[in-house]
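When the sequence shown is numbered by our numbering, its final residue is 370 and no position is left out of the sequence of numbers.
Positions of the beta carbon are idealized from the N, C-alpha and C atoms, including for glycine.
All values reported here derive from a predicted model rather than from experimental measurement.
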Amino acid sequence: MKTGIVFHELYLWHHTGNHADYVPYGFPVEPFHHSESPDTKRRIKNLMEVSGLYDRLLPIVPRKATKEEILFFHTENHYEHIRSLNDSISVNAGISAPTGIGSFDIALLSTGGVIEAIDRVIDGEVDNAYALVRPPGHHAMPNKAMGFCLFGNAAIAGKYALQKKGLNKIAFVDWDVHHGNGTQTAFYKDSNALTISIHQDRNFPTNSGFISENGEGNGSGYNINIPLPPGSGVGAYEAAFDRVVIPALEAYKPDLIIVPSGFDGGAGDPIGRQMMTSEGFRSLTKKLMLSAEEICNGKILMTHEGGYSAATVPFLAHAVIETLAQEDMGIKDPFQNIIGNLGQQELQPHQDKLISEVENLLKNIK
Ligand SMILES: [Zn+2]
């Protein structure tokens with residue numbers, strides 16, 4: 005299996021300024037650090053290096069996305085707004101979207117990295133790829149930076165695949181613990197993209213991600229939200245995949261699957277309340293790969309989103325990327341035993357009920 009990896013040191017230089025988690029410091033908030041820090045990303049890269057996994061992957065060198073590419077999804081206003089902040093220290097570019105010096109350039113490199121990866125996957129130079137990029141993208145709206153996201157990396161790469169690479173149908177499976185509201189917006193009226201988001205009910209944003217948001221116009225039926233209750237574990241995620249995600253992909257038959265991949269659904273995440281484990285993420289990845297093999301010649305692109313527990317996230321990501329590459333580096337996740345045995349890891353009745361409601365949407369996919 006040839007798996008591409010996108011990474012660049014500059015991704016870690018995007019500076020989110022001084023906050024206490026996502027709240028700006030200032031009396032009565034003591035200065036601390038921002039949730040969206042380089043730590044998790046750096047430690048994912050480091051773990052892959054020490055395990056030897058990184059050497060089994062094909063490095064994909066990122067480039068800056070062009071203005072034309074950013075405008076596949078965003079307004080010119082938004083592009084110019086982010087550009088105008090490029091020399092500013094610690095500014096909030098929108099709704100909870102801190103930037104620092106050079107953040108515009110780094111955000112272009114983040115989006116461009118995802119585009120380079122999608123090129124390689126579509127052209128068959130790699131079987132699949134993981135874009136370990138930063139800043140993340142799935143909350144960014146056409147005219148608004150939001151939720152730590154400046155440009156919609158996955159949405160833009162998807163538009164690029166449809167408009168520049170001649171693909172007819174793409175599907176998104178967003179497993180970040182937060183709703184992929186930006187990606188949903190990008191394709192809400194479009195039947196050329198099936199957007200699926202599996203997230204914690206009303207975590208962020210708190211006013212979107214509902215089952216009732218099922219697409220509009222030509223896109224009617226092609227947006228699926230699975231707002232799992234807080235406390236959902238591996239059983240709930242696997243059931244959601246078996247009963248909704250995989251059947252939806254099989255009904256839709258996309259040419260490519262894009263996974264906005266956040267690991268804030270992992271147990272212990274400071275801003276998520278789910279209980280996923282590395283073995284849980286490995287299992288979801290296997291399910292996706294099996295399905296992709298049938299549907300789209302295995303073509304999967306994962307692009308990094310959230311995940312804020314610097315200690316545990318590297319093991320979650322390692323399990324996923326190792327699975328994509330069909331490698332076994334012999335790395336045991338030291339957290340697996342404890343969080344894998346937490347109470348209610350198995351599917352609970354209220355989670356089962358929610359998933360049953362979402363199953364009703366499958367009939368809307370033509
Ligand atoms: Zn998230």
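Spatial neighbours of residue i in its chain, beta-carbon cut-off 7 Å, leaving aside the 5 residues before and after
i	result
F108	I86, R87, L89, N90
L136	I9, V10, F11, K45, I48, K49, H308
Q340	T281, S282, E283
I335	S55, H322
Y192	G219, E220, G223, N227
T79	P146, N147
A144	M150, C153, L154, F155, G156, G186
A3	Residue 3 falls outside the range modelled here, since the chain spans only 5 to 370, and no answer is possible.
V362	I215, I228, I230, V248
P4	Lying before the first or after the last residue shown, residue 4 is absent from the chain, which here runs from 5 to 370.
N81	N147
K71	Y83
E331	L57, R60
A121	G8, V10, I64, A133, A135, L305
Residues of its chain near residue i, where Cβ-Cβ distance is below 6 Å and the 5 sequence neighbours each way are ignored
i	result
E40	T20, F152
I343	A271, T281
S295	I250, L253
V95	L89, T103
S212	H183, N185
V324	F285, T289
G117	V10, P66, A135, V137
First and last residue of the uninterrupted beta strand (DSSP E) at residue i
i	result
N175	Per the sequence shown, the amino acid found at residue 175 is Ala instead of Asn. Run containing A175: 174 to 178, per the beta strand (DSSP E) assignment.
Y134	132 to 135
P264	260 to 265
A101	Looking at the DSSP string, A101 is not in any beta strand (DSSP E), and its letter there is neither H nor E.
L197	What sits at residue 197 in the sequence shown is Ala, not Leu. Residues 197 to 204.
L358	Unbroken run through L358 is the alpha helix (DSSP H), 353 to 363; no beta strand (DSSP E).
L305	304 to 308
L75	Careful: L75 lies outside any beta strand (DSSP E) and carries neither H nor E.
N227	227 to 232
P63	62 to 64
Whole-angstrom C-beta distance between residue j and residue i, which should lie under 8 Å
i	j	result
T189	P146	7 Å
V177	V317	Not quite, the Cβ-Cβ distance comes to about 19 Å (not below 8 Å), so this is no contact.
M280	G347	About 15 Å separates the two Cβ atoms, so there is no contact after all.
A159	G186	6 Å
A101	L154	6 Å
G218	S195	For the sequence presented, residue 218 should be read as Asn rather than Gly. Actually they are not in contact, since the Cβ atoms of N218 and S195 sit about 12 Å apart, beyond 8 Å.
N22	G225	Not really, about 45 Å apart at Cβ, beyond 8 Å.
P66	L16	That pair is no contact at about 13 Å.
L328	I304	7 Å
F208	G156	With 8 Å as the limit, F208 and G156 do not qualify as a contact, their Cβ atoms being about 15 Å apart.
V130	K6	5 Å
I99	M150	4 Å
L260	I202	No, L260 and I202 are not in contact; Cβ-Cβ is about 19 Å, not under 8 Å.
Y241	L288	6 Å
L14	I110	5 Å
D3	Y312	There is simply no residue 3 to check, as the chain begins at 5 and stops at 370 in what is shown.
G266	Q278	Contact doesn't hold; Cβ gap of about 11 Å is too wide.
M293	L57	Their Cβ separation, rounded to whole angstroms, is 16 Å, which puts M293 and L57 out of contact at 8 Å.
A243	L351	5 Å
I64	A165	Actually they are not in contact, since the Cβ atoms of I64 and A165 sit about 15 Å apart, beyond 8 Å.
I126	K169	5 Å
G310	P140	6 Å
D43	A255	Contact flag wrong, Cβ pair sits at about 40 Å.
Q167	G239	At roughly 39 Å, the Cβ-Cβ gap does not stay under 8 Å, so Q167 and G239 are not in contact.
Boundaries (first-last residue) of the alpha helix (DSSP H) holding residue i
i	result
L288	282 to 300
S3	Because residue 3 is not part of the residues shown, which for the chain are 5 to 370, the question remains open.
Q278	Neither: Q278 is in no alpha helix (DSSP H) and is coded neither H nor E.
A121	107 to 127
T7	Careful: T7 lies outside any alpha helix (DSSP H), inside the beta strand (DSSP E) at 7 to 10.
Q188	185 to 190
G325	Checking the displayed sequence, the identity of residue 325 turns out to be Ile instead of Gly. Residues 317 to 328.
T44	43 to 55
L346	Careful: L346 lies outside any alpha helix (DSSP H) and carries neither H nor E.
V249	Note, V249: premise wrong, no alpha helix (DSSP H); not H, not E.
V181	Counting along the chain, V181 falls outside any alpha helix (DSSP H), and DSSP gives it neither H nor E.
I160	157 to 168
V238	238 to 244
N207	No alpha helix (DSSP H) holds N207; DSSP gives it neither H nor E.
S88	80 to 88
Contacts around residue i, its chain only, beta-carbon distance under 8 Å, and the 5 residues preceding and following it disregarded
i	result
I105	H19, N90, D91, S92, I93
- Query: Using 8 Å as the Cβ pair cut-off and three pairs as the minimum, do the region 181 to 196 and the region 242 to 252 touch?
  - Reply: Because the criterion of three Cβ pairs below 8 Å is not met, the region 181 to 196 and the region 242 to 252 do not touch.
- Closer than 6 Å to ligand 1: residues, by C-beta to nearest heavy atom, in chain order: With the cut-off at 6 Å, the residues found are D180, V181, H182, G266, D268, E309, G310.
- Message: Using 8 Å as the cut-off, can you tell me whether the region 70 to 87 makes contact with the region 26 to 39, which would need three or more C-beta pairs spanning the two stretches below that distance?
- Response: The region 70 to 87 makes no contact with the region 26 to 39, as fewer than three CB pairs between them are under 8 Å.
- Message: For the pair the region 318 to 325 and the region 352 to 359, tell me if three or more CB-CB distances fall below 8 Å.
- Response: Segments in contact, no.
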